[in-house]
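If you're matching positions, the sequence shown starts at 1 in this note's numbering and goes up one per residue.
No residue lacks a Cβ here, since even glycine has one placed at the ideal position from N, Cα and C.
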Amino acid sequence: ISKLKKFMTMINFMMEDTLRFLAEDSLASYAGFISGAVSYQVKIDDIGRVENVRLGESLLKWPLFKLELILNRDGTVDIGSHGVPIPFDKLVEMPLALFDRALAAIADIPQLEPMVVDRVFWSSRPILASVHAEEARVKELREGMGRALRR
């Protein structure tokens with residue numbers, strides 16, 4: 001095995017390790033952010049008295065603005081009084097879809113070797129090993145985020 005091959009193998013391992021660490025950390029951070037943002041219970045006594053109670057030890061600060069979501073009888077959600085009706089299920093699925101898109105974005109990152117050794121014929125395009133949606137930790141994060149959103 002040549003020195004270049006050994007070096008490229010080492011580079012691939014380093015890139016895969018870095019990609020995995022960054023992906024796992026980012027997914028956990030995103031899932032924690034979404035779960036923390038929805039961990040409030042809203043008590044409405046009357047039109048002028050609304051109380052927000054934190055359900056957990058959230059480190060989030062109060063938001064800069066509030067968004068009024070009105071759940072209609074037909075299952076759609078109005079944003080304020082002038083909003084376009086949005087089905088409630090779509091509001092729950094949006095953060096989960098972003099989670100899935102992040103996984104899909106890192107699943108197809110090519111290895112560096114075919115770009116460096118471009119004079120050699122490559123029958124396939126090798127990609128870096130990354131975090132997959134079927135992994136236990138990723139499933140756990142997605143399911144936890146889904147439970148928090150549906151609460």
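Less than 8 Å divides the Cβ of A133 from the Cβ of D100.
The continuous stretches of beta strand (DSSP E) do not include I11, which lies in the alpha helix (DSSP H) extending over residues 3–37.
DSSP, read as helix, strand or coil, puts R54 in strand. Per DSSP, I70 lies in no alpha helix (DSSP H); the unbroken beta strand (DSSP E) holding it starts and ends at 69–71. Here P95 is buried: its Cβ has 16 or more other Cβ atoms, across all protein chains shown, within 10 Å. When beta bridges are read from the DSSP output, Q41 appears opposite V53. Per DSSP, R137 is one residue of the alpha helix (DSSP H) stretching across 136–150. With contacts defined by Cβ atoms closer than 8 Å, V38 and L149 form a contacting pair. With contacts defined by Cβ atoms closer than 8 Å, Y40 and V53 form a contacting pair. When secondary structure is reduced to three states using DSSP, V92 falls in the helix class. Residue T9 holds the alpha-carbon nearest to the alpha-carbon of P126 among T9, K3, S2.
Counting C-beta pairs with one atom in each stretch, the stretch 140–147 and the stretch 19–36 have three or more that are closer than 8 Å, which means they touch. Residues of the same chain with a CB within less than 6 Å of the CB of L27, apart from the 5 flanking positions on each side, are L141 in chain order. The shortest CA-to-CA distance from F88 to any of L103, A102, L71 is the one to L71.
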